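**Student:** Going down the list, the protein sequences come from chains A and B.
Just add 48 to wherever you are in the first sequence, counting from 1, and you've got our numbering.
Just add 48 to wherever you are in the second sequence, counting from 1, and you've got our numbering.
Cβ atoms here follow ideal geometry from the backbone N, Cα and C, with glycine treated the same way.
If you're wondering where the values come from, they're calculated on a predicted model, not measured in any experiment.
Sharing a structure, written as structure tokens. Questions coming.
Protein chains: 2
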Amino acid sequence: MLSEDKSMSIDYKSLSVDQLIAELSALHFADSIDIINELDINERVTLFERLPLDYTVELFDRQELHERAEILQLMPTKRSVAILDAMSADEATDVFQDMDEATRKHLFVLLKPYTRAEINKLNHYPDGSAGSLMTTEFIAVPSTWTVKQTLDHIREVERTRETVYASYVIDPKTSQLVRAVSLRNLILAKPEDAILEAARKNEPIAISPYTDQEDVARLFRRHDLLSVPVVDDGAHVIGIVTVDDVLDSMSEQMSDDAYKFGGLEAIDRPYMQMSFLEMMRKRGGWLCILFVGEMLTASAMQYFELELEKAIVLTLFIPLIMSSGGNSGSQATSLIIRALALRELKLGDWWRVVLREIPAGISLGVLLGIIGIARIFTWQLTGIYDYGEHWALVAATVGAALVGIVTFGSLSGSMLPFILKRLGFDPASASAPFVATLVDVTGIVIYFSVAALILSGTLL
Amino acid sequence: MLSEDKSMSIDYKSLSVDQLIAELSALHFADSIDIINELDINERVTLFERLPLDYTVELFDRQELHERAEILQLMPTKRSVAILDAMSADEATDVFQDMDEATRKHLFVLLKPYTRAEINKLNHYPDGSAGSLMTTEFIAVPSTWTVKQTLDHIREVERTRETVYASYVIDPKTSQLVRAVSLRNLILAKPEDAILEAARKNEPIAISPYTDQEDVARLFRRHDLLSVPVVDDGAHVIGIVTVDDVLDSMSEQMSDDAYKFGGLEAIDRPYMQMSFLEMMRKRGGWLCILFVGEMLTASAMQYFELELEKAIVLTLFIPLIMSSGGNSGSQATSLIIRALALRELKLGDWWRVVLREIPAGISLGVLLGIIGIARIFTWQLTGIYDYGEHWALVAATVGAALVGIVTFGSLSGSMLPFILKRLGFDPASASAPFVATLVDVTGIVIYFSVAALILSGTLL
């Protein structure tokens with residue numbers, strides 16, 4: 049029953065183009081696209097030349113179809129233009145951006161004036177804005193119409209799948225958005241009702257083309273929307289964002305976040321399809337930056353070389369203490385990144401976070417400090433290891449340093465997303481590796497300072 | 049225009065219940081809910097007793113309304129039962145699960161038999177399954193009907209918002225799902241058409257109640273769905289999952305993942321609303337586990353105490369070398385977690401990943417090794433720091449150790465998600481702190497083993 053199973057049963061690569069055309073029509077679009085994506089580029093060009101135009105357009109309207117721009121470049125110009133003219137404006141714009149300069153110029157002048165205007169309009173919204181997600185095909189009707197007029201209009205102009213989520217009622221004089229009406233409302237109303245009677249009673253929810261995609265997603269969740277109109281400063285509808293675009297943008301967001309958390313650059317391509325060089329670039333860059341930052345730990349330790357020589361026993365706990373700072377820091381960072389993203393916290397709340405993180409850090413530090421001290425006592429008293437004459441003072445140093453480092457880690461880990469956001473960066477860039485690097489150097493300074501304080505006169 | 053602005057302009061807390069009732073009806077549900085959530089629990093009870101029943105039910109159908117179970121427990125039994133009977137079955141089930149045992153038993157027997165049956169049905173699907181997301185209200189019509197009959201039926205039985213995404217055509221003999229038909233198809237068809245003619249031509253996409261919510265989300269994205277029928281083993285429709293539930297589950301998933309990446313337990317409550325104790329529990333648990341794991345680094349270093357004493361200069365680079373292993377490990381883990389989640393990789397692909405990660409790790413290790421060696425040469429030759437007589441051999445040790453550790457980090461970081469998945473855990477639990485802890489101990493062993501090899505006879 050799951051469509052996943054269907055495309056697997058036949059070996060589509062062995063079929064002729066004619067057989068393939070016959071087979072595809074019985075499948076879901078997503079399955080057809082999977083099969084087509086597997087073909088050679090030339091086979092795909094031949095296939096799309098011979099498939100019915102409207103079916104071809106439906107396939108080209110899906111981002112899942114690979115190398116749309118390349119295929120169109122290889123097809124006869126007339127056919128490519130016909131496909132681009134019939135596609136959703138937002139998808140046509142995306143495809144256009146992927147073409148090489150020469151083809152783009154060549155094809156652009158051959159498009160219908162309407163398509164050209166739409167592409168020009170959509171081209172200038174920044175990536176990740178509602179404007180870049182929206183489509184310009186939607187149904188708008190004057191507020192003087194009836195339900196029947198609206199339904200007839202939908203039956204007449206309904207071209208693409210995306211237009212049917214809702215219709216927008218426009219003031220015939222000012223052209224401003226007045227109300228939104230869902231298909232459901234239209235069906236439930238009497239045909240002779242005025243459209244304003246069938247529409248939702250409250251002012252429609254609308255967004256600006258510059259609304260961030262995360263805010264768009266939040267609005268969809270908040271109001272259980274299927275689509276939302278995008279309006280300009282004069283309250284004129286210039287497009288709609290639909291729930292399928294929001295789902296896609298959320299899932300991209302999830303991928304990007306996962307990479308940020310891991311401390312590497314976002315990668316569009318599947319893992320196995322990345323070239324080795326590309327993977328090196330994406331991973332190597334961050335790894336080198338972190339490495340150079342972490343070099344400061346060597347400098348910090350060089351600074352404490354005298355202490356190191358006198359009390360080698362202290363070096364045993366360096367990794368343990370440093371990693372505790374890093375771990376508490378990345379916990380705090382994750383908490384705050386999430387709270388900022390969900391708008392539970394605002395930039396101005398930073399001091400409230402400070403007031404929570406200081407006691408939290410101290411408590412967690414005390415917790416780890418007790419475990420650390422217990423470990424040293426146990427090893428010493430059972431004879432597993434001898435930490436030397438002043439072992440009790442070493443234990444006290446480790447315990448006290450843990451309190452300081454975990455507190456510092458929690459505090460700096462929680463403030464980092466605020467600072468990044470304040471500077472205009474994405475708070476999610478504060479990955480665990482980044483926080484750990486930041487806290488490591490301080491960790492060494494805190495550890496040896498605490499040691500100097502407690503062990504001065506004995507070990508040091 | 050954005051609804052966000054609306055609820056802010058009036059101080060709703062100063063209004064009487066009557067005034068509030070008048071104000072609420074002009075607002076979007078989400079805004080009304082925000083205002084209601086701010087009221088005392090007693091005010092909320094009074095309000096919900098006096099608001100019209102259908103409006104109350106619409107509010108109770110939203111998860112965003114806080115303390116639904118508590119409010120129902122405080123309201124007169126008759127009213128609570130009326131609300132529960134009219135709510136969506138999935139939401140009623142959720143509310144019911146939040147009630148205390150006594151109230152639940154008391155109210156349950158008073159519900160309509162239909163509601164009781166639905167709640168019993170929904171109760172037994174595991175968290176995160178399609179069954180736990182689905183609602184049991186949907187429109188099913190026999191395949192012998194016409195479009196007009198279907199539309200009339202929708203107008204008649206249409207009760208909740210969720211029923212209008214699509215209608216399902218059922219074989220009148222076997223009661224099995226035959227086709228799905230969207231509202232759009234119904235409107236575009238002629239009223240006298242047979243419903244099977246208006247329906248989509250291919251077999252409907254359907255899922256099992258045990259399908260994982262991540263797979264459900266993937267299916268929605270793949271086919272741009274607004275709803276999907278949930279069918280039992282006999283192909284009978286038992287419910288539908290709608291796109292708004294998928295959006296909610298995706299956004300929960302994003303939060304949970306963020307916490308996992310940071311190495312702490314998932315937290316449902318906003319950061320500022322968490323009690324201090326709760327926060328300690330969620331953070332302290334993981335922090336202690338990581339701390340105890342990291343203690344092995346101290347044991348590893350104790351093992352190499354002789355080497356440490358002879359070559360203190362080696363300790364200077366311990367933090368640098370360990371963190372490089374951790375960072376390369378968490379990069380590899382992030383890549384593989386994502387690739388597994390997006391089904392770019394299957395469990396059986398682990399060896400293909402090994403074949404990529406070994407050369408990747410070696411290359412990245414050589415890169416960092418060169419930077420590390422350059423650093424030691426620069427400091428030594430410019431006189432910033434004196435690494436001793438055998439400084440060139442120390443540099444070689446650091447460089448060689450980095451190659452070994454980064455390779456090991458990349459390899460173990462990439463294999464960890466596979467192992468977790470194989471054992472039935474969520475691969476996303478392999479957070480950066482977890483990977484770093486794993487790699488740190490090995491890092492020390494590799495570092496000192498390489499040192500023993502290179503420096504034996506000179507420093508060691």
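What residues in the region 262-280 of chain B bring their beta carbon closer than 7 Å to a beta carbon of chain A?
**Tutor:** So the close ones are Phe268, Arg269, Arg270, His271, Asp272, Leu274, Val279.
**Student:** Who are the near neighbours of B/Gly417 in its chain, counting only those whose CB is closer than 6 Å to its CB and skipping five residues on each side?
**Tutor:** Result list for B/Gly417: Gly447, Leu450, Val451, in chain order.
**Student:** Can a CB atom of chain A be found closer than 8 Å to the CB of B/Tyr433?
**Tutor:** Cβ-Cβ to chain A under 8 Å: yes for B/Tyr433.
**Student:** Roughly how many angstroms lie between the CA atoms of A/Glu286 and A/Val279, to the nearest whole one?
**Tutor:** Sequence check: residue 286 of chain A is Ile here, not Glu. Taking the straight line from one Cα to the other gives about 6 Å.
**Student:** Please state whether DSSP places A/Ala246 in a helix, a strand or coil.
**Tutor:** Helix at A/Ala246.
**Student:** Pull out every residue of the region 414-427 of chain B whose Cβ sits closer than 8 Å to any Cβ of chain A, in chain order.
**Tutor:** For the region 414-427 of chain B, which is checked against every Cβ of chain A, the residues closer than 8 Å are Leu415, Leu416, Ile419, Gly420, Arg423.
**Student:** Rounded to a whole number of angstroms, what is the C-alpha to C-alpha distance between A/Lys238 and A/Val195?
**Tutor:** Cα-Cα distance, rounded: 7 Å.
**Student:** Can you grab the Cα-Cα spacing for the pair B/Lys469 / B/Ser479, in whole Å?
**Tutor:** When rounded, the distance between both Cα atoms is 14 Å.
**Student:** Are any of the Cβ atoms in chain A nearer than 8 Å to that of B/Phe365?
**Tutor:** Chain A, which has a Cβ nearer than 8 Å to the Cβ of B/Phe365, makes this yes.
**Student:** Please report the Cβ distance between A/Val487 and A/Ser460, rounded to the nearest whole angstrom; I am assuming they are in contact, meaning their Cβ atoms lie under 8 Å.
**Tutor:** About 6 Å separates the two Cβ atoms, so the contact holds.
**Student:** Please report the distance separating the alpha-carbon of B/Ser256 from that of B/Val226.
**Tutor:** Going by the C-alpha atoms only, they are around 16 Å apart.
**Student:** Got a sec: which bits of the region 333-350 of chain A sit with their beta carbon under 8 Å from any beta carbon on chain B, in order along the chain?
**Tutor:** Flagged, chain order: Trp334, Leu335, Cys336, Leu338, Phe339, Val340, Glu342, Met343, Thr345, Ala346, Met349, Gln350.
**Student:** How about A/Ile419 and B/Cys336: do their beta carbons lie closer than 8 Å?
**Tutor:** Yes, the pair counts as a contact, with Cβ atoms nearer than the cut-off.
**Student:** Can the beta-carbon of B/Gly374 be found closer than 8 Å to that of B/Phe456?
**Tutor:** No, they are not a contact pair.
**Student:** Excluding the five sequence neighbours on either side, which residues of its own chain have a C-beta within less than 8 Å of the C-beta of A/Ile421, listed in chain order?
**Tutor:** These residues qualify, in order along the chain: Ala443, Ala444, Val446, Gly447.
**Student:** Return the first residue and the last residue of the beta strand (DSSP E) that B/Pro190 is part of.
**Tutor:** 187-190 is the extent of the beta strand (DSSP E) around B/Pro190.
**Student:** Report yes if the CB atom of B/Tyr307 is closer than 8 Å to the CB atom of A/Arg110, and no otherwise.
**Tutor:** No, they are not a contact pair.
**Student:** Looking only at its own chain, which residues have a Cβ that is under 7 Å from the Cβ of A/Gly491, when we skip the five neighbours before and after it?
**Tutor:** Cβ within range, chain order: Ile369, Met370, Gly373, Ile453.
**Student:** Give me the DSSP bridge partner(s) of A/Leu225.
**Tutor:** Paired residue(s): A/Ile218.
**Student:** What is the rounded straight-line gap between the Cα of B/Arg270 and the Cα of B/Ser299?
**Tutor:** B/Arg270 and B/Ser299: Cα-Cα distance of roughly 18 Å.
**Student:** Rounding to the nearest angstrom, what Cα-Cα distance links B/Thr141 and B/Tyr213 in this structure?
**Tutor:** One C-alpha to the other measures close to 21 Å.
**Student:** Give me the residue from B/Met322, B/Thr94, B/Glu112 with the minimum Cα distance to B/His76.
**Tutor:** Nearest of B/Met322, B/Thr94, B/Glu112 to B/His76, Cα basis: B/Glu112.
**Student:** On the three-state DSSP scale, how would you describe A/Gly287?
**Tutor:** Reduced to three states, the DSSP call for A/Gly287 is strand.
**Student:** Between A/Asp219 and chain B, is any beta-carbon pair separated by less than 8 Å?
**Tutor:** By this cut-off, A/Asp219 is not an interface position.
**Student:** Taking the C-alpha atoms as reference points, what is the distance between B/Arg209 and B/Leu234?
**Tutor:** For B/Arg209, the predicted structure reports a pLDDT of 49, less than 50, and the residue's modelled location is therefore unreliable. A value from the coordinates is still provided. Going from the Cα of B/Arg209 to the Cα of B/Leu234 covers about 17 Å.
**Student:** I think B/Ser80 touches A/Gly311, with their Cβ atoms under 8 Å apart; what is that distance to the nearest whole Å?
**Tutor:** With 8 Å as the limit, B/Ser80 and A/Gly311 do not qualify as a contact, their Cβ atoms being about 43 Å apart.
**Student:** Would you say B/Thr194 reaches chain A, if we count a Cβ-Cβ gap shorter than 8 Å as a contact?
**Tutor:** No - not a single Cβ of chain A is within 8 Å of the one on B/Thr194.
**Student:** Is it buried or exposed for A/Phe473, if we count other Cβ within 10 angstroms and need 16 for buried?
**Tutor:** Exposed: under 16 other Cβ atoms inside 10 Å.
**Student:** Give me the chain A residues within the contact set of B/Met328, using Cβ-Cβ distance strictly less than 9 Å, ordered along the chain.
**Tutor:** Residues of chain A passing the Cβ test: Ala408, Ser411, Leu412, Leu415.
**Student:** Under the DSSP definition of a beta bridge, which residues are partnered with A/Pro277?
**Tutor:** Answer by DSSP bridge pairing, in chain order: A/Ile288.
**Student:** For A/Ala500, collect the residues of the same chain with a Cβ closer than 8 Å to its Cβ; drop the 5 residues on either side in sequence, then sort them by chain order.
**Tutor:** Here the set comprises Glu355, Leu508.
**Student:** How about B/Asn85: is its C-beta nearer than 8 Å to some C-beta of chain A?
**Tutor:** Cβ-Cβ to chain A under 8 Å: no for B/Asn85.
**Student:** From B/Ala188, B/Met123, B/Gly505, pick the residue whose C-alpha is nearest to that of B/Lys358; which is it?
**Tutor:** It is B/Gly505 whose Cα lies nearest to the Cα of B/Lys358.
**Student:** Along the chain, where does the alpha helix (DSSP H) that runs through B/Ser382 open and close?
**Tutor:** 366-389 is the span of the alpha helix (DSSP H), which, as asked, contains B/Ser382.
**Student:** Just mark A/Val489 as buried or exposed, buried being the case when its beta carbon has 16 or more other beta carbons within 10 Å.
**Tutor:** Buried, by the Cβ-count rule.
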